[in-house]
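Residue numbers for the sequence shown follow numbering that gives the first Met the number 0, so the first one is 0 and each next one is one higher. Report on one structure; see the data block that follows.
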Amino acid sequence: MTNKSTTTPSTRRDWLVPASLIGLSAVPVAAGAFRLTELSSGAEITHHNARYFASPLPIVLHILSVSVFAILGAFQFSSGFRRRRPRWHRTAGWVLVPSGFVAAASGLWMQARYELPEGDGDALAVLRLLFGSAMLTSLLLGVVALWRRDFVRHGAWMLRGYAIGLGAGTQVLTHLPWVLLAGQPQEGVRALLMGAGWVINVAVAEWIIHRRSMISPAPARAVVQLLHTP
């Protein structure tokens, strides 16, 4: 008798994290698609979008690269998918890493190029520069670790970079309760809510990295001993 369903509970769990990450990035990706449509269709210029029409390249690069980085990166968290397709991780990396660099660099470019919109302020500008630089640095250190064949550190730094890159998704969640209960946040509160989105993601990433370090020492020692066995 043949099995009519190849979907097992473990398979469903294996796809839960990638699906959740894609769902988390859905609102920012959709907002980016709307912005690209607005720019390409010659929509009415308002004080909300005038800076993008005046200098569209940074925002276009940012939207495209962040969308690729968020969605493609989510599949790296499916261990079963990676086991079934062992070349996937390396092949995807050739797209994922450059898109991450462009996303971080274009974000910093926008912060330097565009005037601060209404509701933003110096505190939020500093946070964007801080986390944008941290994302860029994390990805760079991830590439350096890969070049040194230090795959543990490579994974840790790439996870940190991805967590920061996905900050816009978490910021939707940090803003939503405030908007529903109190309306649009003022400048200081907005900076706090935006910062909270990044901090939450980084905290989760560090928890995952710590958890992995607690699981991996024994296998790592076994590999080292094997490599040094005469």
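Cβ coordinates follow ideal geometry from the N, Cα and C atoms, glycine included. Note that this is a predicted model, so its numbers are computed, not measured.
Is it right to say G166 is buried, meaning 16 or more other beta carbons lie within 10 angstroms of its own, or is it exposed? G166 is buried by the Cβ-count criterion.
Going by other Cβ atoms of all chains shown within 10 Å of its Cβ, with 16 needed for buried, is A202 buried or exposed? The residue is exposed, with fewer than 16 neighbouring Cβ atoms inside 10 Å.
Shortest alpha-carbon distance to D121 belongs to which of A42, F68 and A190? Closest by alpha carbon: A190.
The segment 98 to 105 / the segment 52 to 72 touching (three or more Cβ pairs under 8 Å): When C-beta atoms of the segment 98 to 105 are compared with those of the segment 52 to 72, three or more pairs fall below 8 Å, so the two segments count as touching.
When we look at the beta-carbon of I44 and count the other beta-carbons within 10 Å, is it buried (16 or more) or exposed? Around the Cβ of I44, a 10 Å sphere holds fewer than 16 other Cβ atoms; the residue is exposed.
Distance check for A32 and L123, CA to CA, integer angstroms please. Using only the alpha carbons, I get a separation of about 24 Å.
Would the segment 133 to 151 and the segment 179 to 189 be scored as touching if the rule is three or more Cβ pairs under 8 Å? At 8 Å Cβ cutoff, the stretches do not touch.
Just the C-alpha distance for L128 and L135, rounded to the nearest angstrom, thanks. About 11 Å.
Name the two residues that bound the continuous alpha helix (DSSP H) containing N200. Taken as a continuous stretch (DSSP letters only), the alpha helix (DSSP H) holding N200 covers E186 to I214.
Inter-residue Cα distance where the pair is T142 and R89: The sequence given here has Val at residue 142, not Thr. In a straight line, the C-alpha of V142 is about 12 Å away from that of R89.
When the Cα atoms are used, what is the spatial distance from A219 to L139? Note that A219 has pLDDT 44, beneath the 50 cutoff, so the model's placement of it is unreliable and the number below is only indicative. Straight-line measurement puts the Cα of L139 at about 24 Å from the Cα of A219.
Out of curiosity, what's the CA-to-CA distance linking N200 and S40? Spanning the two alpha carbons is a distance of roughly 35 Å.
In this structure, does DSSP put D149 in helix, strand or coil? Three-state DSSP puts D149 in coil, outside helix and strand.
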